[in-house]
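Here's the structure, in structure tokens; my notes come after.
In the working numbering, the protein residues as written are 141 to 240.
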């Protein structure tokens with residue numbers, strides 16, 4: 141029993157370290173052939189949005205909005221995929237739906 145507790149504590153430390161590493165990572169996605177770029181961190185916070193001047197057309201705001209949404213959804217999917225990959229190693233073999 142004592143050995144099992146030590147293993148759990150060791151696993152918990154590894155999980156915390158992996159989570160810290162994720163939070164420090166940055167992810168980048170583009171849309172419109174690089175006309176819009178969105179950068180997020182591992183906490184799913186958008187930390188930067190860049191737009192090429194050519195994409196800012198007052199007569200076509202809908203296109204700009206669509207590009208921002210596409211890039212944002214892509215970067216958040218990257219964060220989710222990386223989180224599942226890094227944290228999934230700790231839940232392999234365990235039936236814990238929705239954990240990561």
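Heads up, the beta-carbon is just placed ideally off N, CA and C, and yes, glycines get one too.
- [ ] Could you tell me which uninterrupted beta strand (DSSP E) segments, each at least 3 residues in length, are contained entirely in the segment 145-195, listed from first to last along the chain?
- [x] Every beta strand (DSSP E) stretch that sits fully inside the segment 145-195 and reaches 3 residues is listed by chain position as 166-171, 176-181 and 186-191.
Task: Option in 185, 204 and 199 with minimal Cα separation from residue 192 - done: Of 185, 204 and 199, the residue nearest in Cα terms is 204.
Task: residue 156 beta carbon less than 9 Å from that of residue 222 - done: When the beta-carbon positions are compared, residue 222 and residue 156 stay at least 9 Å from each other.
Task: Run of the alpha helix (DSSP H) containing residue 203, from where it starts to where it stops - done: Residues 201-231.
Task: Best match in 226, 175 and 187 for proximity to residue 161 [C-alpha to C-alpha] - done: Closest by alpha carbon: 226.
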